[in-house]
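Report on one structure; see the data block that follows.
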Amino acid sequence: MSRRCLIVDQSAMVRRVAARIIRELGFEVIEARTGQDALDTCAGLTPEAIMLDWKTPDMGGAEFIAKLRVMMQQNGTPMPTILFCTGERSVEQIVLALKAGADEYIMKPFDSDIIGSKFALAGLLDGENLACAVL
Amino acid sequence: MRGALSLRPTYYEALRRLTLQLAGVQMGSDHAFLVETRLSSLARKEGFDTLDSMVQELFSVGKSRLAIQVVSALVERDTHFNRDPLSFDTLFNIALPDLIEKRGGGRIDLLSYGCGSGQDIYSIAIRARYAAVRAMMGPVALHMTGVDYPSQALERARTGRYTHFEVQRGLSARDLVANFTPDLAPGSTDWLTAAHLKENVTFQDMHLMAGSESMGEYHIVMFRGAIAHYSRTARVRVIRSLTKTLRPYGYLILGSGEDLQDSYSELEPVAGAPGLYRRLKHDPMTEPVGKQPNGQTSFEGAKTRRVGT
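Chains as they are written, first to last, in our numbering: chain E, 258 to 392; chain W, -9 to 299.
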């Protein structure tokens, strides 16, 4: 079974660019536009990793993680690895995201080196993908 | 027909020879793109209309300042935080614990040779602040010196300013917020190294092909990711100078996939630790063993000379 990563971002372009990079890292990619879309997707088949914007149209990052945690506990499923990917670059915002339970934090704009590096730091890569990642 | 390179091929050849002479670095034929991009930006900064005109002036006037800038730009390597983490493990799990046990207190001096834009040194400084490492270090203070050719990169190491992209390559979000602050200047997306990372850290210019006399004495020398680019002559010269700067029983740390390629009487490889060498406490004899003829062709000659003195 292939590994799965869910990308949550309002912008179709961001999702498309990120999806291309993440597929190269060996993941099957699924996309969602809003927090609720993402939660619905996770209720069906939980991905191994979620890369999401801190501000989805319907909920903030902390609220999303809290709701996802409740859902995972009810299902007895382990939490996916969470990477925020957002335009906000203040120390306070990054600390807030880490406290909420994020494993990594990506500041937009990103490139393939950044995504590869952050996936490696979050423990999501192995073998050749890990060897190629900037780490 | 001209390829991707707008620089005249004869100039390109001349630049290759200059880089080999001044820095001991061999540029491959695939460096054409690198030459083009790096030298074009230097040419603009120095006020030349074209890359050709800068290179023409370099070879006709032959000013050493320009030659050093050109070669520095050519040999500068891209780097990022926590590059080659296995060799940092070697530093923190083998070299430092051994030196701390032997010394018990005082300071440990580390040299980062070819420090570029400083990410290696700051990566070590970040890891040295982890609670487990602090506990291991006890009263021992780690002092670090980065040396490289005078360059833009070295200036950036000194100021500790990194771009939005650089701080996201190899650096975790936790390490970022604990050790850097965003530059608040309008329009800037850079991040600045916090003052605590610069404690006990210095950066020094090194003159191309200069000897090791001015570099000082160190317990640890890190020389990573570069040895493969050197010609054999330059490699032996660099390793000899670095050995001279090492204190007895100090450590030379290469990249985790690198080795010295020659044997040196004063350096012994540490078993089970790729790229790690310990300096022995012999007489200062740093020739590669069995590789350097001493000029004698027979025992007869040696005897004669001895009789003569």
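We treat Cβ as the ideally placed atom computed from N, Cα and C, and that holds for glycine. All values derive from a computational prediction rather than experimental measurement.
When the Cα of residue 297(E) is compared with those of 280(E), 312(E), 324(E), which residue comes out closest? The residue among 280(E), 312(E), 324(E) with its C-alpha nearest the C-alpha of residue 297(E) is 324(E).
Can you tell me whether residue 192(W) is buried or exposed, with buried defined as 16 or more other CB within 10 angstroms of its CB? Counting Cβ neighbours within 10 Å, residue 192(W) comes out exposed, since fewer than 16 surround it.
What does residue 163(W) reach in chain E if we use C-beta pairs closer than 7 angstroms? Correct list: 351, 355, 361, 362.
Output, in chain order, the set of chain E residues within a Cβ distance shorter than 8 angstroms of residue 172(W). Here the neighbours are 346, 347, 348.
Count the other C-beta atoms from every protein chain shown that fall within 10 angstroms of the C-beta of residue 23(W), then say buried if there are 16 or more, exposed otherwise. So residue 23(W) ends up on the exposed side.
Contact criterion: CB-CB distance below 8 angstroms. Does residue 287(E) meet it with respect to chain W? It does not: the Cβ of residue 287(E) has no partner Cβ on chain W nearer than 8 angstroms.
Where does residue 101(W) sit, in a helix, a strand or coil, going by DSSP? Strand.
Using 10 angstroms around the beta-carbon of residue 169(W), count the other beta-carbons present and answer buried if the total reaches 16, otherwise exposed. With at least 16 other beta carbons inside 10 angstroms of its own, residue 169(W) counts as buried.
What does residue 378(E) touch in chain W if you count any residue whose Cβ is under 7 angstroms from its own? The contacting residues are 162.
Rounded straight-line distance, which links the Cα of residue 110(W) to that of residue 92(W): Going from the Cα of residue 92(W) to the Cα of residue 110(W) covers about 25 angstroms.
In the structure shown, what three-state DSSP assignment does residue 176(W) receive? Coil.
8 angstroms is my cut-off, CB to CB: does residue 371(E) come that close to chain W? When Cβ-Cβ separations below 8 angstroms define contact, residue 371(E) makes contact with chain W.
In the DSSP output, what is residue 289(E) paired with across the bridge? Bridge pairing for residue 289(E): 265(E) [DSSP].
Return the chain-ordered list of same chain residues with a C-beta closer than 8 angstroms to the C-beta of residue 220(W), the five sequence neighbours on each side being excluded. Within the same chain, residue 220(W) has close Cβ partners 14, 15, 16, 228.
The region 140 to 161 of chain W: positions lying closer than 9 angstroms to chain E by Cβ: The region 140 to 161 of chain W vs chain E, Cβ under 9 angstroms: 154, 155, 157, 158, 159, 160, 161.
In this structure, how does DSSP classify residue 306(E) when only helix, strand and coil are distinguished? The answer is strand: DSSP assigns residue 306(E) an E or B state.
Run of the alpha helix (DSSP H) containing residue 44(W), from where it starts to where it stops: That run of the alpha helix (DSSP H) goes 41 to 51.
With a threshold of 8 angstroms between beta-carbons, can residue 383(E) be considered close to chain W, or not? Contacts with chain W at 8 angstroms (Cβ-Cβ) do not include residue 383(E).
Strictly below 8 angstroms CB to CB, what residues from chain W border residue 310(E)? Neighbours of residue 310(E) on chain W: none; closest Cβ ~15 angstroms, over 8 angstroms.
Cβ-based contacts, 7 angstroms cut-off: residues of the region 41 to 65 of chain W near chain E: Residues of the region 41 to 65 of chain W with a Cβ closer than 7 angstroms to any Cβ of chain E: none.
Hey, how far is the Cα of residue 384(E) from the Cα of residue 308(E)? Taking the straight line joining both Cα atoms gives about 21 angstroms.
Should residue 368(E) be flagged as near chain W, meaning a C-beta pair shorter than 8 angstroms? At least one beta carbon of chain W lies nearer than 8 angstroms to the beta carbon of residue 368(E).
Pair within 8 angstroms by beta-carbon distance, residue 95(W) and residue 129(W): Their beta carbons are under 8 angstroms apart, which means residue 95(W) touches residue 129(W) by this criterion.
Residue 286(E) to residue 376(E) span [Cα, whole Å]: Linking residue 286(E) to residue 376(E) through their CA atoms gives a straight-line distance of about 14 angstroms.
Got a sec: is the Cβ-Cβ distance from residue 323(E) to anything in chain W below 8 angstroms? No, its Cβ sits nowhere closer than 8 angstroms to a Cβ of chain W.
By a C-beta neighbour count over all protein chains shown, 10 Å radius and 16 as the cutoff for buried, is residue 172(W) buried or exposed? So residue 172(W) ends up on the buried side.
Distance check for residue 350(E) and residue 339(E), CA to CA, integer angstroms please. So the two alpha carbons sit approximately 15 angstroms from each other.
Alpha carbon of residue 126(W) to alpha carbon of residue 290(E), nearest angstrom: Rounded to the nearest whole angstrom, the CA to CA distance from residue 126(W) to residue 290(E) is 48 angstroms.
Compare the C-beta of residue 265(W) against all C-beta atoms of chain E and say whether one is closer than 8 angstroms. Answer no: the Cβ-Cβ gap between residue 265(W) and chain E never drops below 8 angstroms.
Taking only beta-carbon atoms, is residue 53(W) less than 8 angstroms away from chain B? Here the protein chains are E and W, and chain B is not one of them.
Using the C-alpha atoms, what's the distance from residue 250(W) back to residue 38(W)? Rounded to whole angstroms, the gap between the alpha carbons of residue 38(W) and residue 250(W) is 41 angstroms.
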